[in-house]
Amino acid sequence: MASHNSNVSESESVSDGVGLSNSQHVSTVSGSGAMPTTAKARAKHRIAALEDELEIMQQERGMKQRKTTYYIAQGRVIHHLVILYASLEDLISENDHRYEDQPEDAATPESHAMWLHRTLAGAAMAAWEVGDP
């Protein structure tokens, strides 16, 4: 074995008690002591790195899932309001009544859709404020 002030390394074969032998690499860096880098240690390090990466990916997925859930929840609110507060016949008659009372400038289907969107948005905001404690 050579002894220097700089980096010195040696390789030896070590049995792990199961009958399998692992190659162990021992490095001595400027008198700081031995640092074993076995296959087992490298595997543990790789597992820890993969677990960290998985945790980061799950956090990113959670944020994306929360955004999606928020938009789905908005649709559910309207669905539940329809189910809880109005019968189907009332909704149809309300739609017919609003369609008859719409402004004259809503002649095109696009402008009618925009008018319906504004009306629904206003009703949803009013319902949201009533339901908000």
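Using this note's numbering, the first residue of the sequence shown is number 122, and each one after it goes up by one.
Backbone N, C-alpha and C define an ideal beta-carbon position, used for all residues, glycine too.
What separation, rounded to the nearest whole angstrom, lies between the Cα atoms of residue i and residue j?
{"i": "L241", "j": "Q180", "result": "34 Å"}
{"i": "K165", "j": "E172", "result": "10 Å"}
{"i": "I168", "j": "I177", "result": "14 Å"}
{"i": "E221", "j": "E210", "result": "17 Å"}
{"i": "M246", "j": "R239", "result": "11 Å"}
{"i": "A234", "j": "V251", "result": "26 Å"}
{"i": "N126", "j": "A162", "result": "Residue confidence is low: N126 scores 45 on pLDDT, short of 50, so the model does not pin down where it sits. Its coordinate-derived value is still stated next. Approximately 26 Å between the Cα atoms of the pair."}
{"i": "I213", "j": "A170", "result": "59 Å"}
{"i": "W236", "j": "H218", "result": "14 Å"}
{"i": "E174", "j": "P230", "result": "50 Å"}
For residue i, which residues in the same chain have their Cβ closer than 8 Å to its Cβ, ignoring the five residues on either side in sequence?
{"i": "A244", "result": "none"}
Is it right to say residue i is buried, meaning 16 or more other beta carbons lie within 10 angstroms of its own, or is it exposed?
{"i": "S153", "result": "At S153, the pLDDT of 49 sits below 50, so the modelled position is not reliable and the matter cannot be decided from this model."}
At a Cβ threshold of 8 Å, is residue i touching chain D?
{"i": "T158", "result": "The structure shown contains no chain D; it is built from a single protein chain."}
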